[in-house]
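As structure tokens, the structure follows; a few thoughts come after it.
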Amino acid sequence: MLRLPVFGSKSPTSIEELVMAIAEPGARIVAGGTDLLPNLKHKLHAPTTLVSLDRVAELQRITWDREAGLLRIGAGVTLTQLAEDAEVSKNFSSLSKAAGLVASPLIRNMATIGGNVNLDTRCRYVNQSEFWRSAIGGCLKSEGDVCHVVPKGRSCVAAMSSDCVPVLISLGAHLVQVGPEGRREVAMADYYHSDGIAHTHCQPGEFTAEICVPIAKTPARAAYGKWTVRKSIDFPLISVAMHFALDRDAADATITEARICLGVLAARPKLLKVDALVGLRLNDPTTAELVGELCFKQGKPLDNVPYEAEYRRKMLRVFASRALRDLLA
Ligand SMILES: Cc1cc2nc3c(=O)[nH]c(=O)nc-3n(C[C@H](O)[C@H](O)[C@H](O)COP(=O)(O)OP(=O)(O)OC[C@H]3O[C@@H](n4cnc5c(N)ncnc54)[C@H](O)[C@@H]3O)c2cc1C
Ligand code: SF4
């Protein structure tokens, strides 16, 4: 049986109390706990106090801020709420879809969007029991001093496996971070870096309060594709999120701006260089071919999650073309 370590808990009721609670040494945020608690059982973290977001009402809302042109999603909004919100689904179908594809209904009822964007990185050599890890001597992210994925590497390349993150990056979202220094905004594309051990720019004592998604001013279409072996429960093995701004809302519209983001390659989601797509027609067969080619050429999975990296790379092309097909439908 895997046991939880001993820790204290706090349930602040306001942002101010939350800031103070998180500033305590050894404190860590717990939202739904669907990622954190298994990691605690696997002895990957050892917080002395878990600080819950549950009772901070301001963090549990979805608001349409038309003046600022933003959809504001409180960090404590559950993935079920997000996936089932009719307005979100109408305006940001790729985000609804990604939220609705996470794990299973029970987990989505607990899991929050704040936890999803701050999800720890994952690796086949570390998301195991301590006993399992001891058989291979641990690794850079646990008790050892070598990386089993890149044996000569000096840093951890565990994968960011969140479903919503690549989508939010493709939609140009930003985070509102709150901490002892006050509030700051960070573009989601800049929030992650390549170190799988400390993969976000979340400062000490800081937490994510809101995820803000710009409301498109011009016609736009977006889609998300995720490859898993089982249709439910599984984390993505690769994922593709795309967003196209268009000159008009039609399948044969011309692309005026494109963003494609790939997930589960390494600790940082990969925003592709896709300038070549601007000026092409959305439903032109060459567009589909080019999208697949860009994903395949620029996406280079590692052997950090199950299934061979080369096979996952081929699946990038497949899931890119399926996402594009959904977007044309
Ligand atoms: C069986 C199983 C399958 C899963 N499948 C998927 C999947 O398919 N796709 C997927 O994306 N995820 C999956 N997950 C992971 C997880 O359920 C989700 O990512 C979920 O959204 C995490 O949210 P949470 O609220 O439970 O986070 P928690 O577990 O509470 O927290 C996760 C991490 O984020 C930090 N954190 C939480 N909220 C904040 C905040 N507001 N500010 C700063 N840091 C914060 C915590 O300290 C912790 O380090 C799966 C988990 C399980 C157990
Ligand atoms: S990528 Fe390497 S260091 Fe990181 S968790 Fe996996 S084996 Fe460990």
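Residue numbers (the working numbering): 14 to 342.
Backbone N, C-alpha and C define an ideal beta-carbon position, used for all residues, glycine too.
{"Item": "Is C160 close to ligand 1? I mean its beta-carbon at under 8 Å from any heavy atom of the ligand.", "Value": "no"}
{"Item": "Identify the residues that DSSP records as bridge partners of G21: which are they?", "Value": "T62"}
{"Item": "Checking the sheet assignment: what are the DSSP bridge partners for H187?", "Value": "A200, C225"}
{"Item": "Going straight from the alpha carbon of G45 to that of R167, what length do you get?", "Value": "33 Å"}
{"Item": "I want to know whether the stretch 200-211 touches the stretch 181-190 - three or more CB-CB distances under 8 Å.", "Value": "yes"}
{"Item": "When you compare each of I273, R294, C152, H161 to L341 by their alpha carbons, which one comes out closest?", "Value": "R294"}
{"Item": "Take Q311 as the anchor and find which of I210, D48, P282 has the nearest alpha-carbon.", "Value": "P282"}
{"Item": "If you check the beta carbons only, do T47 and K23 fall under 9 Å apart?", "Value": "no"}
{"Item": "Are the stretch 188-197 and the stretch 294-305 in contact at 8 Å, needing three or more beta carbon pairs?", "Value": "no"}
{"Item": "On a CA-only basis, which of H206, R338, P51, R16 is nearest I120? Give me that one, please.", "Value": "P51"}
{"Item": "Hey, how far is the Cα of A211 from the Cα of A263?", "Value": "42 Å"}
{"Item": "Let me know the secondary structure DSSP gives F257 once reduced to three states.", "Value": "strand"}
{"Item": "DSSP on D12, reduced to helix/strand/coil?", "Value": "The structure shown does not extend to residue 12, since the chain is modelled only from 14 to 342, so the question has no answer here."}
{"Item": "Count the C-beta pairs between the stretch 248-262 and the stretch 308-327 that are closer than 8 Å, then say yes if the count reaches three, no if not.", "Value": "yes"}
{"Item": "Since A235 is in the beta strand (DSSP E), which residue starts that stretch and which ends it?", "Value": "233-240"}
{"Item": "By a C-beta neighbour count over all protein chains shown, 10 Å radius and 16 as the cutoff for buried, is E219 buried or exposed?", "Value": "buried"}
{"Item": "Report yes if the CB atom of A280 is closer than 9 Å to the CB atom of C169, and no otherwise.", "Value": "yes"}
{"Item": "Leaving aside the five residues before and after T231 along the sequence, list all residues of the same chain whose C-beta is less than 6 Å from its C-beta, in chain order.", "Value": "A258"}
{"Item": "Where are the alpha helix (DSSP H) runs, 4 residues long or more, that stay fully inside the stretch 34-84, in chain order?", "Value": "49-54"}
{"Item": "Three-state secondary structure (DSSP) at R281?", "Value": "coil"}
{"Item": "Only counting the same chain, and skipping five residues up and downstream in sequence, which positions put a Cβ closer than 7 Å to that of L83?", "Value": "C225, V226, P227, I228"}
{"Item": "So, with DSSP's three-state summary, where would you put Y205?", "Value": "strand"}
{"Item": "Could you check if L153 belongs to the surroundings of ligand 2, using beta carbon to heavy atom distance under 8 Å?", "Value": "yes"}
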